Structures are given as C-alpha cells and as structure tokens.
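J.:
Residue numbers (UniProt numbering), protein chains in the order written: chain H, 1 to 359; chain R, 1 to 359.
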C-alpha cells in the first residue's frame with residue numbers, strides 16, 4: 001500500500017493506493033460515528049458491495065443502490081439519497097461511503113456536503129477516472145439540464161481508498177476514459193510523467209499492474225498538489241480542466257449519455273492543444289503525438305458528427321470559467337505548462353472549432 | 001446607521017442596521033461581478049422589489065418571485081431558482097440578493113452555496129425574525145418532508161442590510177414571531193438584555209422605532225458573537241437553538257403551514273424552561289414570567305391540540321442535535337446561561353412533554 005496526503009490544514013486526508021485494499025484496509029476505524037450508508041450503483045453493487053459492507057458489521061450500516069449512469073447525476077437522484085438517509089434516521093455523525101465511479105462519488109460527496117449541513121464521507125472509487133481524478137480534491141456536484149456540475153460544493157472526503165484490483169472488472173472503454181485524465185496531468189504540469197506515459201503505453205494497455213499502479217500514484221500526486229495549492233479553484237486548480245470546457249460542450253450536446261466524460265475530455269484536450277498550436281505556443285506535432293497515444297486506447301479524436309462551432313460557443317458560454325462574460329480557457333504554453341486565460345486571439349478559437357467541426 | 005461586524009476571518013462581513021437603508025445604502029458598490037439576481041416572494045415584491053432593483057440599473061439585474069411560505073422552502077423551489085440562474089446565464093461571479101423573510105433568506109443562501117459551487121449573496125431581511133436571527137450567521141437550508149432544515153450548508157453572506165422601516169408593513173403576527181427570538185438571546189446569554197426587554201415591552205409593542213432598533217442591534221450583536229466563536233456549530237452555536245428542538249417537532253407535526261417558526265420557538269422555549277425547572281436549574285416562576293412576556297405579543301404558550309409525548313419523542317429523534325442516538329437539548333442552567341446537553345434525567349423530559357400535552 002502506498003499513501004499520499006492531500007494537505008489542506010484541518011481538512012487534510014490520505015489517499016491509500018494498493019491491490020486488495022477493499023477487503024484488507026481497516027476501514028471501520030476511520031468512521032467517527034456509529035452509522036454508515038454505502039451508496040453505489042447497480043453495476044458495482046453485485047461486485048463489491050458485500051466486501052465493503054463486511055467492514056461495518058458492528059454498527060448501523062445501510063446501503064443504497066442507484067441506477068448507473070451520468071444521466072442520473074441529478075438533483076432528483078440526490079433527493080432519493082436524502083430520503084433514504086432521513087428514513088433510516090442518519091444523524092449528523094453519520095458517514096457516507098461512495099462506492100463507484102465519478103457519478104456516484106460526485107453525487108454522494110455533494111449529499112454529504114448538504115445533509116444536515118455537512119457529514120463525513122469516504123471515497124472508494126471503482127473506475128480509473130474516479131481513482132485518478134474525481135475522487136480526489138473535494139469537488140462535488142450534480143448536473144443541471146443546461147450544464148454539467150452546475151450545482152455542487154467543495155467538500156473534502158475523510159479518506160480515499162483506491163483498490164487497484166477493481167480495475168480488473170472495468171470495461172476497456174471505461175479504462176480508456178480514465179486514461180485520458182492520466183495523460184492530462186502530464187500535459188498540464190508533469191512533462192517527465194508525459195514521457196513516461198509514452199514509453200509505457202504498451203504496458204499500460206496490457207494492464208501491467210505495477211505500471212497501472214504507478215500511473216495512478218503519479219496522477220493522484222499531481223492532483224493532490226494542485227488541490228493543496230488552491231482548494232476552491234481561485235486560481236491554478238482551473239488548470240486541471242484542460243480540455244474540459246470543450247469536453248463539457250460535447251457532453252451537454254450529447255445529453256450526457258453517449259459519451260463518457262473521459263472521452264469528451266480526450267477530444268477536448270486535442271482541441272485545446274490545436275488552439276495552443278494556432279497561438280504558436282506548442283508545436284503542431286504535439287496534437288498528433290497525443291492523438292496517437294489516445295487512439296491506441298480507442299479514445300475518440302474527433303467531435304460528434306453534426307456539432308457546429310456556433311453550438312460549441314453557445315454551450316461554452318455557460319461554463320463555470322466564464323468571468324464577467326469572458327470565456328477563459330485552459331491552454332498549453334508548452335508541454336507540461338498549462339495556463340488559464342481569457343487573453344487569446346478569438347480567431348484561434350474560431351479556427352480550432354471550424355477545423356474540428358469540419359466547417 | 002449602525003454597523004456590526006461578524007468576525008469570521010476572510011469570511012467576515014458587516015450587518016448594517018437603520019431606517020431607510022433599502023434606498024439609501026450604496027448597495028451596488030458591494031457587488032463584485034456584473035450580474036445580480038434578486039430573489040423575493042409574492043408578498044414582498046410589490047412592496048420593496050423596485051427600491052432594490054433601482055440599485056443595479058448599471059448591470060444585469062434579474063428578478064425571481066417565489067410563492068410565499070415555509071412549505072415552499074424545498075429542493076423543488078431551489079430547482080426553480082437554479083433554472084432561472086442558468087436560463088439567464090449567471091456565472092460564478094454573480095451575486096444573489098435575498099429580499100424577504102427567513103424562508104427566502106435560507107433558500108437563497110443555500111442556492112448561493114451550491115450554484116457553481118458557491119457564489120456571493122446579500123441578505124436583505126424583511127421580517128423581524130430574519131433580521132435578528134436567520135439572516136445572520138450563514139446557516140442556509142431547505143426543508144425535507146421528514147424534517148426542517150435538513151438539507152443545507154454554511155455559507156456566509158457578503159453583507160446583511162437591515163432596514164427597520166420594512167417592519168411597518170409586517171403583520172402583527174409576524175412581528176411577534178420575530179420577538180420570540182429576541183427574547184431567546186436574553187434567556188441564553190444576556191440577562192441584562194432580558195431585563196431590558198421586560199422593562200421595554202410596552203414600547204416594543206407600540207412599535208417605538210428607537211426601541212425596536214435597539215432590540216435588533218442587541219440581538220444581532222449576540223448572534224454575531226456566538227457565530228464568530230463557532231461558525232459551523234461544533235459547540236456553543238447550538239445554544240441559539242433554545243426551544244428549537246421542541247419547536248421543530250411542532251412545525252413538522254403541523255406540516256410547516258399553520259405555525260410560524262417563531263411561534264413554535266415561543267412554546268419550545270417555555271418547554272425548555274419547564275424542563276430546566278424540573279431539573280432544578282431555574283426557578284419555576286421563570287416560565288410564567290416568560291409566558292407573560294410572550295402572551296402580551298399574542299404568541300402561543302401551549303402545544304397544538306392533540307400532540308402527544310410519543311409524537312414529540314419520535315419527531316425530536318430526527319433533530320440534527322442527535323449524536324450517536326443521544327438526544328441533546330438546549331436547557332437553561334440559569335437565566336442568561338444556556339447549555340446543550342444529553343446529560344439530563346429522562347424523567348424531566350417525559351414530565352415536561354406530559355404537562356404540555358395534557359397527558
């Protein structure tokens with residue numbers, strides 16, 4: 001087991017990474033009250049719920065199984081969760097345990113932020129995406145029909161438990177979606193990690209456990225450092241959103257159902273790289289290098305059929321990074337150095353959108 | 001104008017109190033972005049919305065008028081609010097302005113806590129209850145069918161603007177409901193204020209402006225001190241809930257519709273005083289003294305017809321002050337000195353409930 005610390009003063013917490021932790025980690029010791037509710041989804045429940053429940057046989061342990069999918073990441077599902085907590089009389093000392101991917105983690109985290117104005121929660125991410133990204137850093141949210149993650153809170157977990165074994169049951173497509181975020185860390189702030197990923201791509205693809213574990217560790221390390229510097233995204237934390245503004249537009253346009261988040265981010269990163277190249281900040285060949293890396297995983301490298309530059313502009317205007325009407329984007333100044341800026345030539349954005357939309 | 005500061009480090013903010021402030025205070029200067037949404041209700045809108053809107057003619061100023069009443073303090077209404085913000089493309093630099101009583105303030109505050117993971121908000125309370133209590137301190141929430149204020153957040157406003165003139169349009173019953181919370185401050189931590197209230201009861205009843213203004217100032221001062229010491233209710237902030245556990249049970253039993261919050265608190269405080277007297281902590285005559293004070297305002301001094309001790313126990317078990325199954329209550333050790341404790345003789349609670357329920 002390897003452990004990382006997310007350094008946030010009185011809200012600091014550990015991320016534990018290792019094979020078999022779902023069973024072997026002494027999880028019950030981490031619970032402060034005598035009530036727990038494990039929230040998971042229909043896909044994950046048959047695989048791992050029993051192992052997790054086994055930790056809490058000595059206290060009140062309730063479970064809630066939600067439908068699986070981003071389209072259920074809504075205020076409505078949240079209400080189901082609150083209803084269950086109230087029905088089982090969970091008090092302010094309860095602990096919510098999120099067992100699942102980013103959807104479950106974001107939603108349970110937000111429920112924990114709001115239930116009785118804030119209770120403890122533990123993240124047990126079961127997808128690569130959640131392990132390297134969404135479970136770390138305390139961003140919680142549900143979607144609004146007009147935009148992703150629009151209703152949420154910053155609420156840090158008590159701990160994150162990453163069992164690398166769970167990736168064995170993860171479909172290829174989901175693993176690839178998570179991999180997009182792994183590449184992101186290399187691109188935005190860790191060029192040597194990016195090189196390492198190019199070198200080890202074949203081993204990662206063949207699911208070499210030690211290599212996957214190292215990729216998770218280095219991803220979480222990058223994420224933890226960014227979050228520790230800027231918990232509530234007043235500044236550099238926004239760099240983690242490389243490709244996300246473009247990607248969210250794709251997700252919104254496709255109704256959060258056809259594209260996985262990581263898939264949308266993969267294309268979004270390529271768009272951000274193209275735009276950075278248009279601005280003369282990175283060499284044009286970086287886009288094709290990254291596209292090669294992503295393609296090897298079966299990730300998409302083109303926008304959905306029929307999306308237009310106008311549609312992108314319209315949807316991106318709702319992004320949380322809009323400040324006083326100005327659209328700020330995360331772009332690459334160079335490989336391993338992202339910036340968030342509204343100070344760019346609009347023509348470069350327009351050209352990028354046109355190129356990707358085939359307009 | 002008199003100004004109080006709520007001392008909360010980087011979340012500190014002022015409370016301005018005075019006649020005519022709704023028009024005269026330079027409110028636009030306090031807004032950081034270039035978007036504002038004023039949220040109010042059907043009762044208040046015709047009275048004060050235009051005055052408030054006039055401040056924001058230079059920037060995007062949208063308004064949302066909600067139905068009036070505690071029964072609309074729900075996740076559903078919150079969704080209406082989010083829909084309006086998204087439809088008008090409010091960004092993370094927007095400011096929400098809550099113009100109304102506690103229901104509007106609590107709900108708008110919670111919306112501000114969650115919209116895009118947190119935006120600015122300003123409280124412009126229009127009831128005495130909101131002015132002396134709910135608008136100060138950053139507790140925000142909506143109700144759940146099974147319990148009051150169960151879904152919420154701690155989110156401090158940028159400022160609280162208290163225009164004492166608005167009380168002139170407040171129905172007697174609402175003024176009385178707010179007065180119950182004023183008396184509370186005297187009972188829990190400010191015995192000289194309690195004496196002052198006994199002395200000045202007639203002037204308050206005749207709406208003597210200087211006296212009402214002083215009562216508001218001293219109430220806010222007490223609240224601000226408590227909040228500054230314990231922002232997220234880890235300890236002494238719970239003392240502000242004198243009478244509230246009993247009161248919430250009454251409100252839940254009556255569906256949040258027949259009783260005003262302050263009315264339920266009035267009876268709840270009498271129940272807490274009775275129980276404190278049963279425990280030998282305060283003289284039995286304190287209850288009748290306080291009852292006389294409250295009755296003069298037309299406040300109820302008895303529980304709703306038909307409520308049983310069992311019903312109280314059942315509803316109180318859902319209170320946020322339940323820790324690991326133990327019901328903690330705010331009681332008086334002496335006049336002006338409240339404690340929150342689970343360390344009491346259960347018989348005293350039972351006896352109190354029986355006495356009030358006529359069982």
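Beta carbons are placed, not taken as given, at the ideal position from N, Cα and C, and that holds for glycine. None of the values given here were measured: they were computed from a predicted structure.
#1: If we ignore side chains and look at the alpha-carbon of each, how far apart do residue 195/H and residue 71/H end up?
#2: Within 8 Å (strictly less), CB to CB, does residue 359/H reach chain R?
#3: If you run the structure through DSSP and keep just helix, strand and coil, what is residue 41/R?
#4: Taking only beta-carbon atoms, is residue 174/R less than 8 Å away from chain H?
#5: Could you list the residues in the segment 234-249 of chain R with a C-beta less than 9 Å from some C-beta on chain H, going in chain order?
#6: Hey, is the segment 171-189 of chain H in contact with the segment 232-252 of chain H, meaning 3+ C-beta pairs nearer than 8 Å?
#7: For a quick check, are the C-beta atoms of residue 340/R and residue 6/R less than 8 Å apart?
#8: Within 8 Å of any Cβ in chain H, is that where the Cβ of residue 147/R sits?
#9: Residues of chain H with CB closer than 8 Å to the CB of residue 115/R, please, in chain order.
#10: Keeping to the same chain, check which residues put their C-beta closer than 8 Å to that of residue 110/H; ignore five residues upstream and five downstream.
#11: For the structure I just gave you, are there three or more beta carbon pairs, one from the segment 301-319 of chain H and one from the segment 252-269 of chain H, closer than 8 Å?
#12: Exposed or buried, which one is residue 54/H when buried takes at least 16 other CB atoms within 10 Å?
#13: Return yes when the Cβ of residue 161/R is within less than 8 Å of the Cβ of residue 122/R, no when it is not.
#14: Could you name each continuous alpha helix (DSSP H) segment of 4 residues or more that falls completely within the segment 1-27 of chain R, going from the start of the chain to the end?
#15: Out of 353/R, 158/R, 329/R, state which residue places its alpha-carbon closest to the alpha-carbon of residue 342/R.
#16: For residue 229/H and residue 236/H, what's the separation of their Cα atoms in angstroms?
#17: Using the beta-carbon of each residue, which ones in chain H are nearer than 9 Å to residue 86/R?
#18: Does the beta carbon of residue 89/R come closer than 8 Å to any beta carbon on chain H?
#19: Should residue 178/H and residue 128/H be called a contact, given that it needs their Cβ atoms to be closer than 8 Å?
#20: Could you have a look at residue 125/H and say whether DSSP puts it in helix, strand or coil?
#21: Helix, strand or coil for residue 273/R? Go by DSSP, reduced to three states.
#22: From the beta carbon of residue 75/H, is the nearest beta carbon of chain R less than 8 Å away?
#23: Specify the secondary structure class of residue 94/H as computed by DSSP and reduced to three states.
#24: Measuring only between beta-carbons, confirm whether residue 28/R sits less than 8 Å from chain H.
#25: Do residue 21/R and residue 360/R count as a contact pair if the criterion is CB distance below 8 Å?
#26: Chain R partners of residue 79/H, CB-CB under 8 Å?
#27: At 9 Å on the CB atoms, spell out the chain R contacts of residue 154/H, in chain order.
#28: So for residue 148/R, helix, strand or coil by DSSP?
#29: What's the C-alpha gap between residue 80/H and residue 346/H?
#30: Using the rule of at least 16 other Cβ atoms within 10 Å of the residue's Cβ for burial, across every protein chain shown, is residue 101/R buried or exposed?
#31: Check each candidate in 234/H, 124/H, 290/H, 248/H and name the one with the smallest Cα separation from residue 199/H.
#32: At a Cβ threshold of 8 Å, is residue 193/H touching chain R?
#33: Note down, in chain order, each residue of its chain lying with its Cβ closer than 6 Å to the Cβ of residue 175/H, except the 5 sequence neighbours on either side.
#34: From residue 39/R to residue 231/R, what does the alpha carbon distance come to, in whole angstroms?
#35: Output yes or no for whether 8 Å exceeds the beta carbon distance between residue 112/H and residue 120/H.
#36: Find out if the Cβ-Cβ distance for the pair residue 191/H, residue 335/H is shorter than 8 Å.
T.: Let me lay it out:
#1: Residue mapping note: residue 195/H aligns to position 195 of the first chain, counting from 1. Residue mapping note: residue 71/H aligns to position 71 of the first chain, counting from 1. Rounded to the nearest angstrom, the two C-alpha atoms are 36 Å apart.
#2: Reading the first chain from its first residue, position 359 is the one you call residue 359/H. Taking 8 Å as the CB threshold, residue 359/H stays off the interface with chain R.
#3: If you number the second chain from 1, residue 41/R lands on position 41. Residue state, collapsed to three classes: strand.
#4: Taking the first residue of the second chain as position 1, residue 174/R is located at position 174. False, the Cβ-Cβ gap to chain H never drops below 8 Å.
#5: Residues of the segment 234-249 of chain R that bring their beta carbon within less than 9 Å of a beta carbon in chain H are absent altogether.
#6: The segment 171-189 of chain H makes contact with the segment 232-252 of chain H, as at least three CB pairs between them are under 8 Å.
#7: Taking the second chain and counting its residues from 1, the one referred to as residue 340/R is at position 340. Taking the second chain and counting its residues from 1, the one referred to as residue 6/R is at position 6. Result no, Cβ atoms of residue 340/R and residue 6/R do not sit closer than 8 Å.
#8: For the purposes of this step, residue 147/R is identified with residue 147 of the second chain, where counting begins at 1. Yes, residue 147/R counts as interfacial toward chain H.
#9: Working through the second chain from its first residue, we reach residue 115/R at position 115. The answer, in chain order, is 150, 151.
#10: Working through the first chain from its first residue, we reach residue 110/H at position 110. Excluding sequence neighbours, residue 110/H sits near 78, 140, 141, 142, 151, 152, 153, 155.
#11: At 8 Å Cβ cutoff, the stretches touch.
#12: Here the question's residue 54/H lines up with position 54 in the first chain. That one is exposed.
#13: Here residue 122/R refers to the residue found at position 122 of the second chain. Here residue 161/R refers to the residue found at position 161 of the second chain. Cβ atoms of residue 122/R and residue 161/R: closer than 8 Å.
#14: Within the segment 1-27 of chain R, the complete alpha helix (DSSP H) segments at least 4 residues long are 21-24, listed from N- to C-terminus.
#15: Here the question's residue 342/R lines up with position 342 in the second chain. Taking residue 342/R as reference, the option from 353/R, 158/R, 329/R with the minimal CA-CA separation is 329/R.
#16: Mapped onto the first chain, residue 229/H falls at position 229. Mapped onto the first chain, residue 236/H falls at position 236. Cα to Cα, residue 229/H sits roughly 8 Å from residue 236/H.
#17: Against the second chain, residue 86/R aligns to sequence position 86. The answer, in chain order, is 144, 145, 146, 147, 150, 318.
#18: Start at 1 with the first residue of the second chain, and residue 89/R comes out as number 89. Taking Cβ atoms only, chain H reaches closer than 8 Å to residue 89/R, which makes this a yes.
#19: By one-based count along the first chain, residue 178/H stands at place 178. By one-based count along the first chain, residue 128/H stands at place 128. In contact: residue 178/H and residue 128/H (Cβ atoms closer than 8 Å).
#20: In the first chain, residue 125/H corresponds to position 125, counting from 1. Correct three-state label for residue 125/H: strand.
#21: Residue mapping note: residue 273/R aligns to position 273 of the second chain, counting from 1. Three-state DSSP puts residue 273/R in a helix.
#22: If you number the first chain from 1, residue 75/H lands on position 75. Taking 8 Å as the CB threshold, residue 75/H lines the interface with chain R.
#23: Mapped onto the first chain, residue 94/H falls at position 94. Residue state, collapsed to three classes: coil.
#24: Translated into positions along the second chain, residue 28/R becomes position 28. Residue-level contact check: residue 28/R does not touch chain H, since none of the beta carbons of chain H fall below 8 Å from its beta carbon.
#25: This structure gives no information on residue 360/R, because the portion of chain R shown stretches from 1 to 359.
#26: Working through the first chain from its first residue, we reach residue 79/H at position 79. Within 8 Å Cβ-Cβ: 75.
#27: The residue labelled residue 154/H in the question sits at position 154 within the first chain. Counting only Cβ-Cβ distances below 9 Å, residue 154/H has contacts in chain R at 117, 118, in chain order.
#28: Translated into positions along the second chain, residue 148/R becomes position 148. For residue 148/R, the three-state secondary structure derived from DSSP is strand.
#29: For the purposes of this step, residue 80/H is taken as the residue at position 80 of the first chain. For the purposes of this step, residue 346/H is taken as the residue at position 346 of the first chain. As the crow flies, the alpha-carbon of residue 80/H is around 44 Å from that of residue 346/H.
#30: For the purposes of this step, residue 101/R is taken as residue 101 along the second chain, with counting starting at 1. By the neighbour-count rule (16 or more Cβ atoms within 10 Å), residue 101/R is buried.
#31: Translated into the one-based positions of the first chain, residue 199/H becomes position 199. Relative to the Cα of residue 199/H, the nearest Cα in the group 234/H, 124/H, 290/H, 248/H belongs to 290/H.
#32: Working through the first chain from its first residue, we reach residue 193/H at position 193. With a threshold of 8 Å between beta carbons, residue 193/H makes no contact with chain R.
#33: One-based indexing of the first chain puts residue 175/H at position 175. When the five nearest sequence neighbours on each side are left out, the beta carbons in the same chain lying within less than 6 Å of the beta carbon of residue 175/H are those of 128, in order along the chain.
#34: Looking up residue 39/R in the second chain gives position 39. Looking up residue 231/R in the second chain gives position 231. Inter-residue distance for residue 39/R and residue 231/R is about 25 Å (C-alpha atoms, whole angstroms).
#35: Taking the first residue of the first chain as 1, we reach residue 112/H at position 112. Taking the first residue of the first chain as 1, we reach residue 120/H at position 120. Taking 8 Å as the Cβ cut-off, residue 112/H and residue 120/H qualify as a contacting pair.
#36: On the first chain, residue 191/H is found 191 positions in, with the first residue counted as 1. On the first chain, residue 335/H is found 335 positions in, with the first residue counted as 1. At the C-beta level, residue 191/H and residue 335/H come within 8 Å of one another.
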